[in-house]
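Engineer:
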Amino acid sequence: MQLLVDQECAPPKEAIFAAFQVDCASIRCVIVGQDPYPTPGNAMGLAFSVNPHVSKIPPSLKNIFAELESDQGVSIPATGDLSPWMNSGVLLLNRVLTTRVGESNAHTRLGWQKITDHIARELGKRNVVAILWGQQAQELSEFFPLRVEGVHPSPLSAYRGFFGSRPFSQVNELLTSTGRAPIDWSL
Numbered sequence: 001m002q003l004l005v006d007q008e009c010a011p012p013k014e015a016i017f018a019a020f021q022v023d024c025a026s027i028r029c030v031i032v033g034q035d036p037y038p039t040p041g042n043a044m045g046l047a048f049s050v051n052p053h054v055s056k057i058p059p060s061l062k063n064i065f066a067e068l069e070s071d072q073g074v075s076i077p078a079t080g081d082l083s084p085w086m087n088s089g090v091l092l093l094n095r096v097l098t099t100r101v102g103e104s105n106a107h108t109r110l111g112w113q114k115i116t117d118h119i120a121r122e123l124g125k126r127n128v129v130a131i132l133w134g135q136q137a138q139e140l141s142e143f144f145p146l147r148v149e150g151v152h153p154s155p156l157s158a159y160r161g162f163f164g165s166r167p168f169s170q171v172n173e174l175l176t177s178t179g180r181a182p183i184d185w186s187l
C-alpha cells in the first residue's frame, strides 16, 4: 500500500472508498467495473462515474448512457456523475479501487480483489442484483445468484453485445420477480 502514498492515484486518496458512502441496507444492485479511469480528474471513487465538472465524458460512460437511453428512455444527462444512482440503492464498485494516474490496471496486484470478493460474497447472500460488465467483473459471478452479465461498455467491445442488451430492464425484472421495487435509473 506504500504505492498509494508515493504516487498520484486515481481516484484521489480521499475518494478511494467513496462507493461505500451508501446505506448498505438499501443496496439492491451493484454495478461492477474494472478499475478507475486513469485520466487526471476523472475518477471519483464510483465505478464508471466521473466528477460533475468533467466536460469530456469517457467513451465507456457514453456507451452506458446510450444503452440507458435505449433501454429506459432516460435522457442523456449533462454530466457523467452517476452518484444519484446511489440514492436508488445502486453500489458502483470497481473490482480494483485504485490505479496510477495515466495508467489503467496499474494496481491490479495490490490485493483489492480480496476486498471486492468479500463485498461481492456478502452482497450475493442478500440477493443483491449484480451487473457484471467484462471479464474482470464476471470473476465475481459465482457470488451472485441474481446477475446480468455482458461485455464491457468500452468501445473495444460494446458492439459485441453491449448495445441492445437492456441491462437496466433486466435488473428491474430480477428485482420485481423477487418482490422488490424496480430502480429508477434516471439521473
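Using full-length UniProt numbering, read the sequence shown as starting at 1 and increasing by one per residue. Backbone N, C-alpha and C fix where the C-beta goes; we use that ideal spot for every residue, glycine too.
Quick one, which of Cys24, Glu14, Ile76, Ile31 has its alpha-carbon nearest Val129's?
Structural biologist: Ile31
Engineer: Would you mind working out which of Val151, Arg166, Gly80, Phe168 sits nearest Arg160, comparing C-alpha positions?
Structural biologist: Val151
Engineer: In angstroms, rounded to a whole number, what distance separates the CA positions of Ser49 and Arg180?
Structural biologist: 25 angstroms
Engineer: May I ask you to report which of helix, strand or coil DSSP gives Gly124?
Structural biologist: helix
Engineer: Tell me the DSSP secondary structure of Ile131 in three-state form.
Structural biologist: strand
Engineer: State yes or no: is the C-beta of Ser75 nearer than 7 angstroms to some heavy atom of the ligand ZN?
Structural biologist: For the ligand ZN, the structure offers nothing, since it holds no ligand at all.
Engineer: With distance defined between alpha-carbon atoms, name the residue in Gln136, Arg126, Trp133 nearest to Pro145.
Structural biologist: Arg126
Engineer: On the premise that Gly80 lies in contact with Val54, defined as a C-beta separation below 8 angstroms, what is that separation, rounded to the nearest angstrom?
Structural biologist: Yes, they are in contact, since the Cβ atoms of Val54 and Gly80 sit about 6 angstroms apart, within 8 angstroms.
Engineer: Would you mind giving the Cβ-Cβ distance between Gly45 and Ala78, rounded to the nearest angstrom? I have them listed as a contact below 8 angstroms.
Structural biologist: That pair is no contact at about 21 angstroms.
Engineer: To the nearest angstrom, report how far apart Glu67 and Lys114 are at their CA atoms.
Structural biologist: 31 angstroms
Engineer: What is the C-beta distance between Gln136 and Glu149, in whole angstroms, given that I count them as a contact (C-beta under 8 angstroms)?
Structural biologist: Their Cβ separation, rounded to whole angstroms, is 12 angstroms, which puts Gln136 and Glu149 out of contact at 8 angstroms.
Engineer: Within this structure, are the beta carbons of Leu187 and Pro58 separated by less than 8 angstroms?
Structural biologist: no
Engineer: Taking the Cβ atom as the reference point for each residue, do Arg147 and Gly89 lie within a distance shorter than 8 angstroms?
Structural biologist: no
Engineer: Excluding the five sequence neighbours on either side, which residues of its own chain have a C-beta within less than 7 angstroms of the C-beta of Val101, listed in chain order?
Structural biologist: Once the five neighbours on either side are set aside, the close Cβ partners of Val101 are Glu8, Cys9, Ala10, Pro38, Pro40.
Engineer: I need the DSSP call for Glu142, collapsed to helix, strand or coil.
Structural biologist: helix
Engineer: What do you get for Leu91, buried or exposed, if any count of 16 or more other CB atoms within 10 angstroms of its CB means buried?
Structural biologist: The residue is buried, with at least 16 neighbouring Cβ atoms inside 10 Å.
Engineer: To the nearest angstrom, how far is it from the Cα of Leu174 to the Cα of Asp71?
Structural biologist: Distance from the CA atom of Leu174 to the CA atom of Asp71, rounded to whole angstroms, is 15 angstroms.
Engineer: Kindly indicate which three-state DSSP category Glu8 falls into: helix, strand or coil?
Structural biologist: coil
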